[in-house]
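Colleague: Protein sequence lines, in the order shown, are assigned to chains Z and W.
Here the first sequence is numbered in the UniProt record's numbering, starting from 1 and rising by one per residue.
Here the second sequence is numbered in the UniProt record's numbering, starting from 1 and rising by one per residue.
Once you've had a glance at the structure underneath, I'll fire off some questions.
There are 2 protein chains.
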Amino acid sequence: MIRKLESIFTLSEDERHALQTLPMQVVAIKTDQAIVREGDSPSRACLILSGFACTYKVTAQGKRQIVSFNLPGDLPDLQSLHLTVLDNSISTISPCSVGFIQHEDLRDICERYPRLTAAFWRETLIDAAIFREWVLNVGRRDAYTRMAHVLCELLTRLRAVGLVEDHACDLPITQGEFADAIGVSTVHVNRVLQQLRADGLIELTGDRLKVPDWDRLKEAGEFDPTYLHLESNQAAA
Amino acid sequence: MIRKLESIFTLSEDERHALQTLPMQVVAIKTDQAIVREGDSPSRACLILSGFACTYKVTAQGKRQIVSFNLPGDLPDLQSLHLTVLDNSISTISPCSVGFIQHEDLRDICERYPRLTAAFWRETLIDAAIFREWVLNVGRRDAYTRMAHVLCELLTRLRAVGLVEDHACDLPITQGEFADAIGVSTVHVNRVLQQLRADGLIELTGDRLKVPDWDRLKEAGEFDPTYLHLESNQAAA
DNA sequence: CGACCTGTTGATACTCGTCAATCTGAGTGG
DNA sequence: CCACTCAGATTGACGAGTATCAACAGGTCG
Chain Z
1 MIRKLESIFT LSEDERHALQ TLPMQVVAIK TDQAIVREGD SPSRACLILS
51 GFACTYKVTA QGKRQIVSFN LPGDLPDLQS LHLTVLDNSI STISPCSVGF
101 IQHEDLRDIC ERYPRLTAAF WRETLIDAAI FREWVLNVGR RDAYTRMAHV
151 LCELLTRLRA VGLVEDHACD LPITQGEFAD AIGVSTVHVN RVLQQLRADG
201 LIELTGDRLK VPDWDRLKEA GEFDPTYLHL ESNQAAA
Chain W
1 MIRKLESIFT LSEDERHALQ TLPMQVVAIK TDQAIVREGD SPSRACLILS
51 GFACTYKVTA QGKRQIVSFN LPGDLPDLQS LHLTVLDNSI STISPCSVGF
101 IQHEDLRDIC ERYPRLTAAF WRETLIDAAI FREWVLNVGR RDAYTRMAHV
151 LCELLTRLRA VGLVEDHACD LPITQGEFAD AIGVSTVHVN RVLQQLRADG
201 LIELTGDRLK VPDWDRLKEA GEFDPTYLHL ESNQAAA
């Protein structure tokens, strides 16, 4: 969490220490397990310590739409601090280590360190900015561009928390999950990925993504990292 | 703003009074005028007093995606309080009266009435919830359902601020704007609206929307107002 | 009155979904 | 150590939903 918060906010020593000593229940969770469900009213927030999760909603016809990938350092249901009933579900998509923090502890630390209120608020505002970008992505881009865009976002966010080396990273996301994220069918994801590979924009095998030409992938995905609101210019790297 | 905040948060007398005496510059703005633009770093937030506006982003190819309609009482760029550079534009889509409130005045009132921080934070969290629902709407529903859903949302939000009478309301939104909101072409919006009319779900002429059968429209749009997080059960009305 | 924006309609083309079969690789148990 | 299983990836054929293009109608406003 610290690393993630510091990628979007500058913390003082005291604040960092307060965060580090926050009581937290750590749990190991397998792949494809629900962390929270739509309709829940949790009394604690979850923090992804390692592994990947996703936030999603489901149509009346049972179609799933992933609205966000949750990466290490993310607080994907921080909203529950002020919205009593959850309007989305969160599940792991790889083995995860998840920390649970009581709402009362979060409220307490925010009261003692008012700047942390701003930091957490800012975190939720960036989530909202990502949702906005996804509405644009799903609403107005074709499947090829959409896919490239999502890959750019993932790479940039992973880089911000130190999980990218040499333009390569672990990416435990299936084609079915990508399909639910960009709003197309699994079959079409497969074809688009092959096209991206054929165009030399990505090397994606198993759980590993490598990007030989970041500039061209950015261009293909119409990717401008401004909406991620990262503090330093890690995005440019 | 008061009316809107009270639809999602219970205010005390003091808090209401503080909000009512907040310094605000009121400006009349014509249709299709920018209020703020992507890339701006405003030092004030805007409040829609009357009229309709929309938040949108634009693709590299120049395609527009509306990510939210801004109704009277909304604070559509409240995010700028903690995100310095805006990642979206806001324009009017009807003649509007807009109030501008300095960020410093908002910070000041939040410091004096800490519960207002929570109220404003909550407001931005509900915006995020709406974005999530829109990702689902655009990503996983067909045009007919999408259109019905957006109409349900508009009607519900307008009802929360007292702008609906007898299941009818003013709705100064063109078919081109609906198209940009639900991610389809203008032509297709036209056809879908005709279908909705033919099915007896809506009466939409000029700037006026009437809903003869709310339950059937809700069903057609797979609409569940939970994600709007309204305080009282106005949604059910 | 003419310009213009919005709404409407028809014809045609294309992106992408669906269905169904096959293939691959990573476990798992005997 | 190998057959078995199963999830995920891949491929082809076909169809549905929607985009695009183009033309025209109706209302508004300078």
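Note that beta-carbon positions come from the ideal geometry of N, C-alpha and C, so glycine has one too.
Should E177(W) be labelled buried (16 or more other beta-carbon atoms within 10 Å of its own) or exposed?
Modeller: E177(W) is buried by the Cβ-count criterion.
Colleague: Could you tell me which chain W residues have their CB closer than 7 Å to the CB of K63(Z), listed as they occur along the chain?
Modeller: Per Cβ cutoff of 7 Å: R140.
Colleague: At what residue ranges does the stretch 93-138 of chain W contain a whole run of the beta strand (DSSP E), taking only runs of 3 or more?
Modeller: Complete beta strand (DSSP E) runs here, min 3: 96-102.
Colleague: Name, please, each residue of chain Z whose Cβ falls closer than 9 Å to the Cβ of E222(W).
Modeller: The answer, in chain order, is T59, A60, Q61.
Colleague: Report, in whole angstroms, the separation of the C-beta atoms of F9(Z) and I173(Z), which I expect to be a contact under 8 Å.
Modeller: With a Cβ gap of about 27 Å, F9(Z) and I173(Z) do not count as contacting.
Colleague: So the alpha helix (DSSP H) S7(Z) belongs to, where does it begin and stop?
Modeller: Where S7(Z) is concerned, the enclosing alpha helix (DSSP H) stretches over 2-8.
Colleague: Using a C-beta to C-beta distance shorter than 7 Å, which residues of chain W count as neighbours of residue 248(Z)?
Modeller: Outside the displayed span of chain Z (1 to 237) sits residue 248(Z), for which this structure offers no information.
Colleague: Can you confirm whether the stretch 146-153 of chain Z touches the stretch 94-107 of chain Z when touching is taken to mean that 3 or more C-beta pairs between the two stretches lie within less than 8 Å?
Modeller: The answer is no - the stretch 146-153 of chain Z does not touch the stretch 94-107 of chain Z, with fewer than three Cβ pairs under 8 Å.
Colleague: Quick one: list the residues of chain Z neighbouring H229(W), beta-carbon separation under 7 Å, in chain order.
Modeller: Within 7 Å Cβ-Cβ: L83.
Colleague: Tell me which residue opens and which closes the alpha helix (DSSP H) that Q79(Z) is part of.
Modeller: It is not in any alpha helix (DSSP H) - Q79(Z) carries neither H nor E in the DSSP assignment.
Colleague: Just checking my contact of L201(Z) with A220(Z) at CB under 8 Å: how many whole Å lie between their CB atoms?
Modeller: About 6 Å separates the two Cβ atoms, so the contact holds.
Colleague: For chain W, is any of its Cβ atoms less than 9 Å away from the one on R112(Z)?
Modeller: With 9 Å as the cut-off, R112(Z) does not count as an interface residue toward chain W.
Colleague: Restricting to Cα atoms, I'd like to know which of T55(Z), S41(Z), L217(Z) is closest to F131(Z).
Modeller: Checked all of T55(Z), S41(Z), L217(Z); the closest Cα to F131(Z) is T55(Z).
Colleague: Name the residue from T186(Z), D170(Z), R3(Z) whose alpha carbon lies nearest to the alpha carbon of S94(Z).
Modeller: That would be D170(Z), whose Cα lies nearest to the Cα of S94(Z).
Colleague: Once you ignore the five residues that flank L49(Z) on each side, which residues in its own chain have a CB closer than 6 Å to its CB?
Modeller: Cβ neighbours of L49(Z) beyond the five flanking positions: S97, G99.
Colleague: Quick check on T55(W): does DSSP put it in helix, strand or coil?
Modeller: DSSP places T55(W) in strand when its eight states are reduced to three.
Colleague: Since R44(W) meets chain Z, which of its residues come closer than 9 Å, beta carbon to beta carbon?
Modeller: Ordered by position in chain Z, no residue passes the 9 Å Cβ test against R44(W), which lies about 17 Å from the chain.
Colleague: Does the beta carbon of K4(W) come closer than 9 Å to any beta carbon on chain Z?
Modeller: Chain Z contact via Cβ: absent.
Colleague: Return no unless some Cβ of chain Z is closer than 9 Å to the Cβ of R132(W).
Modeller: So yes, R132(W) belongs to the interface.
Colleague: Between T59(W) and R140(Z), how many whole angstroms is the CB-CB distance? I'm expecting something under 8 Å.
Modeller: T59(W) to R140(Z), Cβ: 5 Å. Contact.
Colleague: In the DSSP assignment, find the beta strand (DSSP E) that holds F69(Z) and state where it starts and stops.
Modeller: Looking at the DSSP string, the run of the beta strand (DSSP E) that includes F69(Z) is 64-70.
Colleague: Check whether chain Z comes within 9 Å of A129(W), counting only Cβ atoms and requiring the distance to be less than that.
Modeller: By this cut-off, A129(W) is an interface position.
Colleague: Are the beta-carbon atoms of R16(Z) and G73(Z) separated by less than 9 Å?
Modeller: No. Outside cutoff.
Colleague: Alpha carbon to alpha carbon, how far is I182(W) from V26(Z)? Give it in angstroms, no decimals.
Modeller: Approximately 41 Å, taken between the alpha carbons.
Colleague: Considering just the uninterrupted stretch of the beta strand (DSSP E) at L204(Z), what are its terminal residues?
Modeller: 203-205 is the extent of the beta strand (DSSP E) around L204(Z).
Colleague: I29(Z): which of A119(Z), C46(Z), E13(Z), D213(Z) sits nearest, CA to CA?
Modeller: The residue with the shortest Cα to Cα distance from I29(Z) is C46(Z).
Colleague: Do K218(W) and A168(W) have their C-beta atoms within less than 9 Å of each other?
Modeller: Not a contact, by the Cβ cut-off of 9 Å.
Colleague: Please list the partners that Q79(Z) has in chain W, where partner means a Cβ-to-Cβ separation under 8 Å.
Modeller: By Cβ distance, chain W contributes L125, A128, A129.
Colleague: Starting from the C-beta of A129(Z), find all residues in its chain whose C-beta is less than 8 Å away, skip the five residues before and the five after it, and write them out in chain order.
Modeller: Here the set comprises Y227, L228, H229.
Colleague: Buried or exposed, going by whether 16 or more other CB atoms sit within 10 Å of the CB of T186(Z)?
Modeller: Exposed: under 16 other Cβ atoms inside 10 Å.
Colleague: Closest by CA to L81(Z), which one among R112(Z), Y113(Z), T124(Z)?
Modeller: Looking at the Cα atoms, T124(Z) is the closest of the given residues.
Colleague: Could you give the C-beta distance for residue 246(Z) and E38(Z), rounded to a whole number, given that I count them as a contact under 8 Å?
Modeller: No information on residue 246(Z) is available, as it lies outside the stretch 1 to 237 that chain Z covers here.
Colleague: Check this for me: beta carbons of F120(Z) and L75(Z), under 9 Å apart or not?
Modeller: Yes.
Colleague: Between residue 286(Z) and chain W, is there a C-beta pair that is closer than 9 Å?
Modeller: This structure does not reach residue 286(Z), given that chain Z is present from 1 up to 237, and the question cannot be answered.
Colleague: Helix, strand or coil for L163(W) per DSSP?
Modeller: Three-state result, L163(W): coil.
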